[in-house]
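J.:
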Ligand SMILES: Cc1ncc(COP(=O)(O)O)c(C=O)c1O
Ligand SMILES: Cc1ncc(COP(=O)(O)O)c(C=O)c1O
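Chains as they are written, first to last, in the UniProt record's numbering: chain A, 1 to 416; chain B, 1 to 416; chain C, 1 to 142; chain D, 1 to 142.
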């Protein structure tokens with residue numbers, strides 16, 4: 001924890017100097033300075049990430065597949081070093097448990113296919129009412145393909161998982177996997193991962209956490225929370241698009257059949273049959289996202305140089321401030337009130353349509369998201385067709401939040 | 001075609017000025033200037049691609065998913081414009097037939113899963129003896145999953161497809177798909193795509209071409225060659241890693257179930273069941289490789305600004321020169337002698353192990369590949385355990401080829 | 001925030017208190033437009049003379065302010081025009097939304113010109129016209 | 001090309017005409033190392049005294065020059081040494097290949113020091129030692 005007087009005084013301001021690392025924050029939109037409050041959809045990239053990627057392409061690039069030459073070896077080293085970084089980031093016991101994917105979506109699909117092929121008809125997968133489509137549709141598809149059951153754990157009106165209900169869903173011992181979010185991209189809810197994992201394990205189930213939002217904001221330790229699988233996506237973590245991560249316990253990864261077939265995931269290939277490489281390579285077919293892997297490594301270095309203590313403190317203080325300021329906007333209703341929450345706030349405002357809110361904010365340079373946020377069933381549960389959503393990154397300032405609140409007030413005054 | 005005197009006089013030299021666009025070519029390896037002859041594994045990136053990616057991250061980036069704000073709309077525009085570019089590149093009738101994937105490998109796996117699920121037990125898929133593992137393992141996995149038959153079309157000693165044998169494999173009318181390379185990554189063989197497609201269609205089969213190597217070197221027109229599916233990978237086309245392309249005829253794509261589930265590939269989501277977006281989005285789950293898509297667009301613009309006439313002429317002349325020069329190296333044996341070939345040359349040299357060749361070349365700054373080139377069954381067919389392979393890009397010069405040949409002579413003299 | 005050039009008083013007032021909302025008793029033609037992306041929906045009912053002139057239009061719109069205002073202005077403009085004229089107007093309107101130019105040729109609808117800077121919202125303004133064109137084509141009635 | 005510091009005469013000659021190649025009649029221990037990546041394979045046979053001293057070593061190696069030369073030098077060095085000494089030497093050799101340093105401590109094997117610049121080839125040089133250590137552990141014999 002940064003104990004300097006400034007940081008102690010104001011954790012929001014403590015990260016202000018980092019804005020200089022994000023060139024895009026100097027852009028103007030519709031003639032107004034960009035206020036980017038859509039980081040939960042995808043975060044902006046610091047110059048450290050941009051430079052790492054362009055340096056790779058300018059000075060040290062080749063395919064990593066078994067090249068015996070210098071450029072290939074150095075590029076392989078650079079990519080494999082990122083596996084160590086990722087293992088360190090989430091407290092994975094072994095670098096070999098880190099599988100690179102395109103994004104969270106592919107990581108979950110990988111588990112749904114490969115671990116899913118080990119789930120027998122009659123068994124069940126449990127998800128929750130507040131899942132992103134990425135942690136919902138793959139399980140639906142598995143259900144329809146494999147004849148398993150899909151159970152949905154309800155949430156409270158505050159937007160928290162109903163743990164007793166989850167317990168009941170687990171009680172018949174038929175559940176093979178609980179797949180839930182570690183932090184909701186709509187409500188900001190942080191789920192009690194350790195308790196969920198304990199409940200799942202007690203019922204003989206494995207547990208997957210969708211950490212897409214969580215890893216951005218807090219230090220995650222997959223061992224501490226008792227996860228069996230953990231997924232996240234690089235572009236929300238200030239890294240490039242095209243790169244994501246699946247972590248899985250080694251014994252599970254080893255028991256699972258491969259997902260995609262091709263180069264690099266094999267040991268030997270004969271027409272009659274092939275044998276697979278060891279984990280994690282078994283799950284990484286074809287030329288990986290080399291440049292993006294290196295970019296992800298730079299993002300992790302960047303974040304770790306700041307430290308999760310400072311990042312979490314910034315986010316907590318900023319979110320508190322935002323909730324307070326938004327409560328002052330007449331007619332504004334924040335959706336959900338989870339006790340433990342991250343820097344994502346969904347809201348509606350009287351009967352002003354969220355799309356009108358988003359466009360009017362955009363005309364003032366403020367980028368937020370409006371819609372169902374890839375969580376249609378959650379919208380139905382909440383009784384809304386869409387929400388507006390502001391979400392924060394480490395570069396978000398108090399003034400930006402204030403600008404949001406003030407502009408929302410003006411927007412509302414247009415409509416009444 | 002560039003009709004300037006210089007180009008007519010020497011198509012190899014006609015592209016020499018483009019080397020300035022590739023910063024990495026100024027690097028030294030083991031104290032020697034880099035001679036990069038491993039472009040078939042992955043090509044180097046021109047500054048135009050590097051700049052397009054870093055400009056995106058510096059000035060115009062947001063997630064493309066349904067964002068209503070300026071950054072998101074502009075980023076969406078930039079990505080969708082690349083769909084048009086790709087359609088133009090390969091002569092696709094419609095931009096909506098262009099599906100973005102991670103690479104060729106994922107594109108083929110997508111077809112093997114989605115089109116594959118429409119193939120019935122008792123039906124067959126035909127591949128060839130010279131496929132890359134990417135166009136082999138997914139079909140093996142489909143065979144083992146779905147109980148279909150996998151047939152292998154043989155090649156001649158020269159390294160060409162045996163068309164009569166292919167005809168026989170098709171004759172019982174059970175073949176649902178012929179999946180073959182458009183250009184071999186080991187032998188350089190360019191396959192007679194139109195004839196293969198006609199044969200396949202006459203037998204009621206569909207045809208997929210693996211264009212990973214081909215699109216780099218010659219203009220491809222999917223309609224002219226009668227393809228039903230065509231795949232390629234961005235990183236070999238001077239573009240970034242993490243982005244590839246599947247083209248498929250619309251009626252096929254529409255008939256196929258989705259592959260990965262998640263955000264952006266859906267129309268509506270309910271727990272009971274979901275409906276899918278229209279093609280191509282049905283096949284693009286989750287946050288796409290946004291920055292890489294834009295990079296691929298820059299690569300296509302770059303290539304088209306040079307023109308395939310000049311690129312193909314450079315490559316043909318350079319390959320001729322290389323075959324001539326390599327023939328002068330004592331003990332060197334070029335593998336395969338296809339009539340129609342591209343700039344990929346595999347060879348062995350007496351009993352000097354290909355790995356020793358590669359390392360000794362590397363110590364002289366020359367990057368080639370040695371091994372089975374992700375084509376183990378082809379190695380068995382050729383009766384070798386590994387080959388050395390030199391492959392050319394648009395930046396490759398006559399002098400580089402000469403340096404290769406001269407260094408090979410010296411290596412051989414070490415061993416005799 | 002200054003007076004917004006897109007969300008002008010005119011637009012917001014029409015959205016809050018549309019003059020032509022509701023269902024049309026005895027409509028000869030009806031049409032519907034939906035935007036699955038945001039769940040917006042416009043239903044249009046109209047009466048058409050034998051000669052092809054629109055005599056009355058009503059719309060039932062669930063959507064954002066842009067969509068409701070656009071539907072209501074459309075309804076007002078449609079009365080007294082022929083199907084042919086309205087087809088042309090619909091095309092002109094679409095063209096203006098795409099380019100931001102030609103506001104003077106589409107009457108009251110010119111207020112939506114700034115929407116060309118918000119590409120993903122254009123469909124909100126054109127959705128009523130999808131419904132109207134469907135109604136005029138009579139596809140639902142045959 | 002100047003005299004190459006990795007592919008020295010010594011290495012190439014040993015690879016072309018290894019002194020200790022072949023199978024060992026009456027070997028008390030055997031071991032094997034394979035590299036599935038490139039198909040290289042080393043088989044080692046050796047005789048060990050009760051006291052744990054290696055008296056004879058032979059290797060059958062299919063592989064590149066680095067692998068054959070390394071196997072042959074290993075066989076030469078092994079004779080007369082104890083299992084303990086060879087274990088230590090194997091570790092020192094591995095360490096030198098990783099760092100490029102300590103060539104003076106591994107005798108003839110010091111010629112492979114430049115291999116530390118060619119990480120993907122290091123396994124070629126250590127494969128014979130994998131086979132030797134397996135033989136010494138006697139795992140195949142019990
Ligand atoms: C002919 C061929 N097909 C497929 C591939 C696979 O491409 P990628 O690894 O980018 O998926 C390659 C290159 O590795 C190739 O040369
Ligand atoms: C909670 C959650 N899960 C999954 C995803 C999917 O991430 P991606 O689109 O990068 O696969 C997202 C973001 O879109 C998310 O917020």
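Just so you know, even glycine gets a beta-carbon here, dropped at the ideal spot from N, CA and C.
Please read these numbers as outputs of a predicted model, since none were measured by experiment.
Would you say residue 159/B faces chain F, with C-beta separation under 9 Å as the test?
T.: Among the chains of the structure shown, chain F does not appear; the protein chains present are A, B, C and D.
J.: Return the residues of the segment 270-287 of chain A that lie within a Cβ-Cβ distance of less than 8 Å from chain B, sorted by chain order.
T.: Per Cβ criterion, the list reads 270, 271, 273, 274, 285, 286 and 287.
J.: Can a CB atom of chain A be found closer than 9 Å to the CB of residue 143/C?
T.: Residue 143/C lies beyond the stretch modelled for chain C, which goes from 1 to 142, so this question has no answer here.
J.: Examine chain B for any beta-carbon lying closer than 9 Å to the beta-carbon of residue 49/A, and answer yes or no.
T.: Looking up residue 49/A in the first chain gives position 49. Output row for residue 49/A: interface = yes.
J.: Got a sec? Which residues, its chain only, sit under 8 Å from residue 81/B by beta carbon, not counting five neighbours each side?
T.: Numbered from 1 along the second chain, position 81 holds the residue referred to as residue 81/B. Counting only Cβ-Cβ distances below 8 Å, and skipping sequence neighbours, we find 297.
J.: So, is the C-beta of residue 152/B closer than 9 Å to a C-beta in chain A?
T.: Position 152 of the second chain, counted from the start, is the residue given in the question as residue 152/B. Closer than 9 Å: yes.
J.: Leaving aside the five residues before and after residue 331/A along the sequence, list all residues of the same chain whose C-beta is less than 7 Å from its C-beta, in chain order.
T.: As a first step, residue 331/A must be located in the first chain, where it is residue number 331. Within the same chain, residue 331/A has close Cβ partners 349, 350 and 412.
J.: In terms of residue numbering, what span does the beta strand (DSSP E) encompassing residue 137/A cover?
T.: Here the question's residue 137/A lines up with position 137 in the first chain. Unbroken run through residue 137/A is the alpha helix (DSSP H), 137-146; no beta strand (DSSP E).
J.: Would you say residue 110/B and residue 283/B are within 9 Å of each other, going by their C-beta atoms?
T.: Numbered from 1 along the second chain, position 110 holds the residue referred to as residue 110/B. Numbered from 1 along the second chain, position 283 holds the residue referred to as residue 283/B. Their beta carbons are under 9 Å apart, which means residue 110/B touches residue 283/B by this criterion.
J.: Classify residue 45/B: buried if its beta carbon has 16 or more other beta carbons within 10 angstroms, exposed otherwise.
T.: Here residue 45/B corresponds to residue number 45 of the second chain, with the count starting at 1. Buried: at least 16 other Cβ atoms inside 10 Å.
J.: When the Cα of residue 100/B is compared with those of 185/B, 164/B and 279/B, which residue comes out closest?
T.: Reading the second chain from its first residue, position 100 is the one you call residue 100/B. Answer by Cα proximity: 279/B.
J.: Is there at least one Cβ from chain D nearer than 9 Å to residue 95/A's Cβ?
T.: As a working mapping, residue 95/A is identified with position 95 in the first chain. It does not; no Cβ of chain D falls within 9 Å.
J.: Quick one: what's got a C-beta closer than 8 Å to residue 141/D's C-beta in the same chain, skipping five residues either side?
T.: Position 141 of the fourth chain, counted from the first residue, corresponds to residue 141/D. For residue 141/D, the pLDDT reaches just 46, beneath the cut-off of 50, and the residue's location in the model is therefore unreliable, leaving the point undetermined.
J.: For a quick check, are the C-beta atoms of residue 103/B and residue 286/A less than 9 Å apart?
T.: The residue given as residue 103/B occupies position 103 in the second chain. The residue given as residue 286/A occupies position 286 in the first chain. Cβ distance < 9 Å, so residue 103/B and residue 286/A count as in contact.
J.: Just to confirm my understanding: we take residue 312/B, look at its own chain, exclude 5 residues before and 5 after, and list those with CB closer than 8 Å. What are they?
T.: On the second chain, position 312 is the one that residue 312/B refers to. Answer for residue 312/B: 217, 218 and 219, listed in chain order.
J.: Count the other CB atoms within 10 Å of the CB of residue 3/C; is the residue buried (16 or more) or exposed (fewer)?
T.: The residue labelled residue 3/C in the question sits at position 3 within the third chain. It counts as exposed.
J.: Verify whether the separation of the beta carbon atoms of residue 417/B and residue 190/B is less than 9 Å.
T.: Residue numbering for chain B in the displayed model covers 1 to 416; residue 417/B lies beyond these limits and cannot be assessed.
J.: Could you please tell me which residues of the segment 371-387 of chain B, in chain order, have their CB closer than 8 Å to any CB of chain D?
T.: The segment 371-387 of chain B vs chain D, Cβ under 8 Å: 371, 385 and 386.
J.: Does ligand 1 have a heavy atom nearer than 8 Å to the CB of residue 71/B?
T.: As a working mapping, residue 71/B is identified with position 71 in the second chain. Because no heavy atom of ligand 1 lies under 8 Å away, the Cβ of residue 71/B does not count as near it: no.
J.: Going along chain C, which residues have a C-beta under 9 Å from residue 34/A?
T.: Within the first chain, residue 34/A is the residue found at index 34, counting from 1. Neighbours of residue 34/A on chain C: none; closest Cβ ~15 Å, over 9 Å.
J.: Quick check on residue 77/A: does DSSP put it in helix, strand or coil?
T.: If you number the first chain from 1, residue 77/A lands on position 77. Note: residue 77/A maps to helix in three-state DSSP.
J.: Taking the C-alpha atoms as reference points, what is the distance between residue 21/B and residue 43/B?
T.: Translated into positions along the second chain, residue 21/B becomes position 21. Translated into positions along the second chain, residue 43/B becomes position 43. Going from the Cα of residue 21/B to the Cα of residue 43/B covers about 13 Å.
J.: Can you pull the chain C residues whose beta carbon is under 8 Å from the beta carbon of residue 73/B, in chain order?
T.: One-based indexing of the second chain puts residue 73/B at position 73. Those are 118, 119 and 120, listed as they occur along chain C.
J.: Check for me: the alpha helix (DSSP H) holding residue 321/A runs from which residue to which?
T.: On the first chain, residue 321/A is found 321 positions in, with the first residue counted as 1. 308-327 is the extent of the alpha helix (DSSP H) around residue 321/A.
J.: Quick one: is residue 415/B near chain D, going by C-beta distance under 9 Å?
T.: For the purposes of this step, residue 415/B is taken as residue 415 along the second chain, with counting starting at 1. So yes, residue 415/B belongs to the interface.
J.: Using a threshold of 8 Å, is the CB atom of residue 48/A nearer than that to any non-hydrogen atom of ligand 2?
T.: Residue 48/A sits at position 48 when you count from the first residue of the first chain. Incorrect: residue 48/A has no Cβ contact closer than 8 Å to ligand 2.
J.: Quick one: grab the DSSP three-state call for residue 413/A.
T.: As a first step, residue 413/A must be located in the first chain, where it is residue number 413. Helix.
J.: Let me know the secondary structure DSSP gives residue 26/A once reduced to three states.
T.: If you number the first chain from 1, residue 26/A lands on position 26. The answer is helix: DSSP assigns residue 26/A an H, G or I state.
J.: Which same chain residues end up closer than 7 Å to residue 93/B when comparing Cβ atoms and leaving out the 5 residues on each side of it in sequence?
T.: Working through the second chain from its first residue, we reach residue 93/B at position 93. So the list reads 223, once near-sequence residues are dropped.
J.: Determine the DSSP secondary structure at residue 233/B, reduced to helix, strand or coil.
T.: Your numbering for residue 233/B matches position 233 in the second chain. Strand, per DSSP.
J.: Following a CB-centred definition, is residue 96/D positioned closer than 8 Å to any heavy atom of ligand 4?
T.: Questions concerning ligand 4 fall outside what the structure shown contains, since the ligands it does hold are ligand 1 and ligand 2.
J.: Assign residue 416/A to one of two classes, buried (16 or more other C-beta atoms within 10 Å of its C-beta) or exposed (fewer than that).
T.: On the first chain, residue 416/A is found 416 positions in, with the first residue counted as 1. It is exposed - the Cβ of residue 416/A has fewer than 16 other Cβ atoms within 10 Å.
J.: Just to make sure I have the definition right: I need the residues of chain B whose C-beta is within less than 9 Å of the C-beta of residue 114/C. Which are they?
T.: Taking the third chain and counting its residues from 1, one reaches residue 114/C at position 114. Near residue 114/C there are no residues of chain B at all, since even the closest Cβ is about 13 Å away, more than 9 Å.
J.: Step through the CB atoms of chain A and report whether any lies within less than 9 Å of the CB of residue 109/C.
T.: Taking the first residue of the third chain as 1, we reach residue 109/C at position 109. With 9 Å as the cut-off, residue 109/C does not count as an interface residue toward chain A.
J.: With respect to 8 Å, is the separation between the Cβ of residue 140/A and the closest non-hydrogen atom of ligand 2 below this value?
T.: Position 140 of the first chain, counting from 1, holds the residue named residue 140/A. No, Cβ of residue 140/A sits at least 8 Å from all heavy atoms of ligand 2.
J.: Alpha carbon to alpha carbon, how far is residue 214/A from residue 193/A? Give it in angstroms, no decimals.
T.: Here residue 193/A refers to the residue found at position 193 of the first chain. Here residue 214/A refers to the residue found at position 214 of the first chain. If I take the Cα positions, the gap works out to 11 Å.
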